[in-house]
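Working notes, structure below.
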Amino acid sequence: MSTVRVSSDKDTGVAVVTLDRPARLNAIDLTMAAELADVWRALRFDDAVRAVVLTGAGERAFCTGIDRNATVPQPSSPYMQDDPLLGVGPKANDLWKPVVAAVAGMACGGAFYLLGECEFLVADSTATFFDPHTTYGMVSAYESVLMAQRMPYGEAARMMLMGTAERISARRAFDLGLVSELTEPGGALAAAVVCAEVIAGYPAEGVQGTVRALWSAKQVARSQGFAQAPHLIALGNLPADRQAELFAARRSGEFRTR
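Under the numbering used here, the first residue of the sequence shown is numbered 744, with each subsequent residue one higher.
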């Protein structure tokens, strides 16, 4: 069964890509990671699609990062660590068509690999944003690099360092500029599609060149940050069994939304 759904409207030129594991809060397992890469690369060759909307199935979450049940085989060498989420975004797969995110519910942790590669975010009022890494003894590296490019530094730092103790509300995310449009509950997808339809109506060459120019403005800093990430993770992460203990000891509902 596919974990990613794609629907496209040939009349408007808009494709909607849906993360489709609502029972797991759209967490990314290895199957979904591979399917996302395949979807983005396929869209490169579909000239009928000129803009994309990325969303998550269900009402509880856009995406909660990597599935805790996913087993990621790792080489024994500390110089060759594999992160399956590095290949899940559109830019990582050389797709330069504009991608608009439609966010409802939780977006946390590894979800930022996806949101960090979208052009802009539309969210409904149920959306919340947080990063649990530090709570569970892990370094937030790639996620921090991506969010520091989308938010004021102090706000990105607070989100990453406060872990599961705080969540950023949709309203706060809008005020910070992380979210470009805020809708009523259930309205994010429709609003994102409206934006995508406008963009898809413009000449594709100019749109895609603009996407590439916007990305190049921050690509150098991102590349430098990513280059440091594997070393920081290797140095700072607790052993997997200790991470699992901290995760098992978590208490639901003990967080502040601001």
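Just so you know, even glycine gets a beta-carbon here, dropped at the ideal spot from N, CA and C. Just so it is clear, the structure is predicted and the values come from calculations on it, not from any experiment.
Beta-bridge pairing of residue i - partner residues as DSSP gives them
| i | result |
| --- | --- |
| residue 871 | 849 and 912 |
| residue 863 | 843 |
| residue 924 | 865 |
| residue 752 | 757 |
| residue 994 | In DSSP, residue 994 forms no bridge with anything. |
| residue 999 | 909 |
| residue 882 | Residue 882 pairs with nothing; no bridge assigned. |
| residue 747 | 762 |
Given residue i as reference, the closest of the options once Cα atoms are compared
| i | options | result |
| --- | --- | --- |
| residue 731 | 763, 765, 798 and 974 | Since the first and last residues shown for the chain are 744 and 1001, residue 731 lies out of range. |
| residue 952 | 839, 782, 756 and 829 | 839 |
| residue 913 | 882, 982 and 848 | 848 |
| residue 855 | 879, 884, 978 and 836 | 884 |
| residue 782 | 803, 811, 813 and 746 | 746 |
| residue 828 | 1000, 753, 772 and 959 | 772 |
| residue 761 | 980, 925 and 796 | 796 |
| residue 859 | 919, 894 and 978 | 894 |
| residue 931 | 753, 766, 801 and 775 | 801 |
| residue 877 | 980, 765, 748 and 868 | 980 |
| residue 774 | 759, 830 and 989 | 830 |
Separation of residue j from residue i, as counted between CA atoms
| i | j | result |
| --- | --- | --- |
| residue 1005 | residue 928 | No answer is possible for residue 1005: it lies beyond the span of the chain, which begins at 744 and ends at 1001. |
| residue 757 | residue 784 | 16 angstroms |
| residue 779 | residue 832 | 7 angstroms |
| residue 763 | residue 799 | 6 angstroms |
| residue 904 | residue 944 | 41 angstroms |
| residue 1055 | residue 853 | There is simply no residue 1055 to check, as the chain begins at 744 and stops at 1001 in what is shown. |
| residue 789 | residue 996 | 44 angstroms |
| residue 809 | residue 993 | 17 angstroms |
| residue 985 | residue 881 | 10 angstroms |
| residue 1001 | residue 939 | 29 angstroms |
| residue 879 | residue 987 | 8 angstroms |
| residue 702 | residue 982 | This structure leaves residue 702 out entirely; the chain is present only between 744 and 1001. |
| residue 991 | residue 811 | 11 angstroms |
| residue 844 | residue 958 | 16 angstroms |
| residue 868 | residue 934 | 13 angstroms |
Neighbourhood of residue i by C-beta, 6 angstroms cutoff - its chain only, sequence neighbours within 5 removed
| i | result |
| --- | --- |
| residue 922 | 864, 866 and 916 |
| residue 890 | 855 and 899 |
| residue 955 | 839 |
Neighbourhood of residue i by C-beta, 8 angstroms cutoff - its chain only, sequence neighbours within 5 removed
| i | result |
| --- | --- |
| residue 998 | 873, 907, 908, 909 and 910 |
| residue 818 | 824 and 825 |
| residue 961 | 892 |
Neighbourhood of residue i by C-beta, 7 angstroms cutoff - its chain only, sequence neighbours within 5 removed
| i | result |
| --- | --- |
| residue 768 | 803, 804, 807 and 849 |
| residue 837 | 787 |
> What residue ranges within the segment 754-820 form continuous alpha helix (DSSP H) runs of no fewer than 4 residues, ordered along the chain?
Replying inline: As far as the segment 754-820 is concerned, its whole alpha helix (DSSP H) runs of at least 4 residues are 773-787.
>> Which complete beta strand (DSSP E) runs does the segment 918-972 hold, if anything under 3 residues is left out?
In response: As far as the segment 918-972 is concerned, its whole beta strand (DSSP E) runs of at least 3 residues are 924-926.
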